[in-house]
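Number of protein chains: 2
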Amino acid sequence: MNNFTYYIPTRIHFGKGMISHLSEITQKNILLVYGGGSIKRNGIYDAALKELSGHEIFELPGVEPNPRIETVRKGVQICQDNQIEAVLAIGGGSSIDCAKVIAAAAVYEGDAWDLVMDNDKIQSALPIYVVLTMAATGSEMDNVGVISDMDLQIKKGVHSDHIFPTMSILDPTYTYTLPKRQTAAGTADIMSHTFENYFTNVEGAYLQARFAEGLLKTLIHYGPIAIKDPTNYDARANLMWCSSNAINGLLKKGAEVKWCVHGMEHQLSAVYDVTHGEGLAILTPVWMEYILDQKVDAFATYGINVWNIDAKKDKRTIAKEAIEKTKHFLFNELGCPRTLREVGITDEKNFKAMAEKAVCKGSFVDLSVEDIIEIYRRAL
Amino acid sequence: MNNFTYYIPTRIHFGKGMISHLSEITQKNILLVYGGGSIKRNGIYDAALKELSGHEIFELPGVEPNPRIETVRKGVQICQDNQIEAVLAIGGGSSIDCAKVIAAAAVYEGDAWDLVMDNDKIQSALPIYVVLTMAATGSEMDNVGVISDMDLQIKKGVHSDHIFPTMSILDPTYTYTLPKRQTAAGTADIMSHTFENYFTNVEGAYLQARFAEGLLKTLIHYGPIAIKDPTNYDARANLMWCSSNAINGLLKKGAEVKWCVHGMEHQLSAVYDVTHGEGLAILTPVWMEYILDQKVDAFATYGINVWNIDAKKDKRTIAKEAIEKTKHFLFNELGCPRTLREVGITDEKNFKAMAEKAVCKGSFVDLSVEDIIEIYRRAL
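Protein chains in written order, with our numbering: chain A, 1 to 380; chain B, 1001 to 1380.
Following this line, the structure appears as structure tokens:
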């Protein structure tokens, strides 16, 4: 097991009706960051404002699915013009990520993009509050935000302990109205976070691996239930709590490895604006098959411990069966797209440039430009 | 799944050599709380003082295995006489628990025992730092301390968010020199924390249950390795990280249930000064067998998911086999004592009075005075 520092100062209020805790916010001027109008249609917007009566609320709506630096800059401007003291995101990972970088950039003298490119420049941030409406990125309980500059075709993670949310409200009922497609993409995203942590070369991170298997079993159990029965509370609750725990350090710390599939997917999102979870669903099984021969034991362990495949079978058989089951789960049970064509990518013209940015070293299996081009091709 | 609030502000520095982080402590006057002389023999005391050169260190040695209120009072007196600004525990749960209550009582006007009996009276505390030397109680990452008054025969948990450690150093190599008996008792303690969380009546706390199973598998895998090969780093690291995660809320939150075995064991410690982990090892299988008929499904799930017992067998058979395997693990593989007689309790004379204090309601299976007397008897 590797050495690590584990620190999650975020206070999570989990469960139905927990939005009442927003009334504990002490700052007066608040920037409310959100995406589309869904939070107005489903009543979450009104519920939040009710808890915040007495506060002065400024709004930044329209955060994109892959939040843009221009939107961050717009939020920073509102903060500076109105003496904003705290930022509240209502939404999924996009709104939260955007809010995090706004909170940091609002107290920074230069341009927000500086902080994206050099995270060490983040020396403080406004307090960040979250009301989560989608189980996916885990941004509600981590110190990361991902921001894109579409002109530069860069999608980049911002890491800083200053951007941990102070408080996050996780009410599973807020995900009842999510379209099936978003539930599926969110579940695939959580699953990918878990895989990226689980498939590691670090020896002896045994507890982390067992936790990852528990998380995968939970996703496999409840993902399809949430798709079929969107108001099943326990399904929504488990998926939501999985989203936080897949990426808050519990699975990663002590087992750190470079994440390759996310690197490859970030290129799809940056260049083609693909929905992150769908890009991951497409790439993950292709990646597994591509590296299988080098990692038969690890995929066999996955098959035995997660999919209950008979341990007496030949290891390679178990490993292949595990990958087949993963595909069936993602494509048949969740209904995620299976190929890049299905999300509108029809040719290879950008693959080389994308692969050059996604080269992956220090990972479970290192991937060269050629490896990644081949993975993109097989995913086409 | 139940509603819950999840909050762990403790910063964990985990791994070999992480004691260097003690140099980040900013307070000048520090009370050092520890038990026996082992930390002087194994060099941890010197390593800590080296990191704290420039600080003024006051000492409270001699904390008992079940820390007494008199020792807390002694620590509070040192704090008040010397303008102590922070408390540093070096040791296992006893030293940490004692340090926590000292830290709270040092800033309280009345007697420390008031805080034990009424936790709401804790309104603040000095910063608490920890160097862990034993994997067991999880006190390094939670908001609980257990203090005993032997005269009153009361052993009671103190709960307050003010007594979370600010920073805990978890260096697995510090447990290399632990006697086998303490390693066994510590592992049994962690296992019991996991069982108390795992066996719940709360529906739909699925992720928590899978996490608990992962933790149990890790204990079962590494406990015997640590007994046989005390300097096996990965075994010590996994046991140590298990100790924190068994009781920091990860398994409990959303699945809350009253803990019965701990209640019964606290009586053994309070009246007979039994080592906590050994008391738990003795009582746990007896408790499992006592309630088996009411909870066949839960014990069968435990048998299938943790012990890999063939799911095709009859459920009661699986459940009984799981309990037998638990016994074999605790008594044969860890070498824990099997009966109360082995820890010096030879008659029933105190059982009734103890049972009256350990009555357990709102639990997995509620236990009356009669039930508990019978469990003590069967454990004799």
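For glycine and all other residues, C-beta sits at the position ideal for the given N, C-alpha and C.
If you're wondering where the values come from, they're calculated on a predicted model, not measured in any experiment.
CB contact flag (residue i, residue j, <7 Å)
i: residue 998 of chain B; j: residue 1216 of chain B; result: Summary: the structure shown does not reach residue 998 of chain B, with chain B confined to residues 1001 through 1380, and so no result is reported for it.
i: residue 230 of chain A; j: residue 176 of chain A; result: yes
i: residue 1113 of chain B; j: residue 1044 of chain B; result: no
i: residue 1018 of chain B; j: residue 1135 of chain B; result: no
i: residue 1096 of chain B; j: residue 1031 of chain B; result: no
i: residue 89 of chain A; j: residue 130 of chain A; result: yes
i: residue 1066 of chain B; j: residue 1269 of chain B; result: yes
i: residue 1222 of chain B; j: residue 1201 of chain B; result: no
i: residue 1079 of chain B; j: residue 1033 of chain B; result: no
i: residue 246 of chain A; j: residue 91 of chain A; result: no
i: residue 1363 of chain B; j: residue 1242 of chain B; result: no
i: residue 234 of chain A; j: residue 1001 of chain B; result: yes
i: residue 1358 of chain B; j: residue 1208 of chain B; result: no
i: residue 379 of chain A; j: residue 286 of chain A; result: yes
i: residue 1107 of chain B; j: residue 1147 of chain B; result: no
i: residue 6 of chain A; j: residue 249 of chain A; result: yes
Three-state class that DSSP yields for residue i in the structure shown
i: residue 278 of chain A; result: helix
i: residue 47 of chain A; result: helix
i: residue 84 of chain A; result: coil
i: residue 1149 of chain B; result: strand
i: residue 1122 of chain B; result: coil
i: residue 1342 of chain B; result: helix
i: residue 1362 of chain B; result: coil
i: residue 1030 of chain B; result: strand
i: residue 89 of chain A; result: strand
i: residue 1052 of chain B; result: coil
i: residue 1037 of chain B; result: coil
i: residue 1250 of chain B; result: coil
i: residue 1265 of chain B; result: helix
i: residue 74 of chain A; result: helix
i: residue 283 of chain A; result: helix
Buried or exposed (CB count within 10 angstroms, at least 16 for buried), residue i
i: residue 1179 of chain B; result: exposed
i: residue 348 of chain A; result: exposed
i: residue 182 of chain A; result: buried
i: residue 1341 of chain B; result: exposed
i: residue 54 of chain A; result: exposed
i: residue 171 of chain A; result: buried
i: residue 23 of chain A; result: exposed
i: residue 262 of chain A; result: buried
i: residue 1189 of chain B; result: buried
i: residue 59 of chain A; result: exposed
Limits of the unbroken alpha helix (DSSP H) element including residue i
i: residue 273 of chain A; result: Where residue 273 of chain A is concerned, there is no enclosing alpha helix (DSSP H), given that its DSSP letter is neither H nor E.
i: residue 974 of chain B; result: Residue 974 of chain B is absent from the model: chain B starts at 1001 and stops at 1380.
i: residue 164 of chain A; result: Counting along the chain, residue 164 of chain A falls outside any alpha helix (DSSP H), and DSSP gives it neither H nor E.
i: residue 299 of chain A; result: 296 to 307
i: residue 198 of chain A; result: 180 to 198
i: residue 115 of chain A; result: 112 to 117
i: residue 215 of chain A; result: 206 to 228
i: residue 1101 of chain B; result: 1093 to 1105
i: residue 1022 of chain B; result: That residue, residue 1022 of chain B, is in no alpha helix (DSSP H); it is neither H nor E in DSSP.
i: residue 233 of chain A; result: 233 to 245
Continuous beta strand (DSSP E) stretch holding residue i: start and end
i: residue 323 of chain A; result: Counting along the chain, residue 323 of chain A falls outside any beta strand (DSSP E), though it belongs to the alpha helix (DSSP H) covering 315 to 327.
i: residue 1010 of chain B; result: 1004 to 1014
i: residue 1351 of chain B; result: First-last for residue 1351 of chain B: 1351 to 1358, but that is the alpha helix (DSSP H), not the beta strand (DSSP E).
i: residue 130 of chain A; result: 128 to 132
Contact list for residue i against chain B, beta-carbon separation under 7 Å
i: residue 3 of chain A; result: 1014, 1015, 1016, 1018
i: residue 321 of chain A; result: Near residue 321 of chain A there are no residues of chain B at all, since even the closest Cβ is about 18 Å away, more than 7 Å.
i: residue 237 of chain A; result: 1001, 1204
Contacts that residue i makes with chain B (C-beta to C-beta distance below 8 Å)
i: residue 213 of chain A; result: 1210, 1214
Chain A residues whose Cβ lies nearer than 7 Å to that of residue i
i: residue 1217 of chain B; result: 210
i: residue 1006 of chain B; result: 12, 14
i: residue 1009 of chain B; result: 9
Heavy atom of the ligand ZN within 6 Å of residue i beta-carbon
i: residue 122 of chain A; result: Among the components modelled here there is no ligand, and therefore nothing to report on the ligand ZN.
Amino acids of chain A, ordered along the chain, whose beta-carbon sits closer than 8 Å to that of residue i
i: residue 1207 of chain B; result: 214, 215, 218, 238, 241, 242, 245
i: residue 1186 of chain B; result: Within chain A, no residue comes near residue 1186 of chain B; the closest Cβ sits about 15 Å away, beyond 8 Å.
i: residue 1221 of chain B; result: 206
i: residue 1234 of chain B; result: 1, 203, 204, 206
Chain-ordered neighbours of residue i on chain A, where CB pairs are closer than 9 Å
i: residue 1314 of chain B; result: Residues of chain A passing the Cβ test: none, with the nearest at roughly 19 Å.
i: residue 1046 of chain B; result: None at all; the shortest Cβ gap to chain A is about 21 Å.
i: residue 1254 of chain B; result: 14, 15, 237, 241
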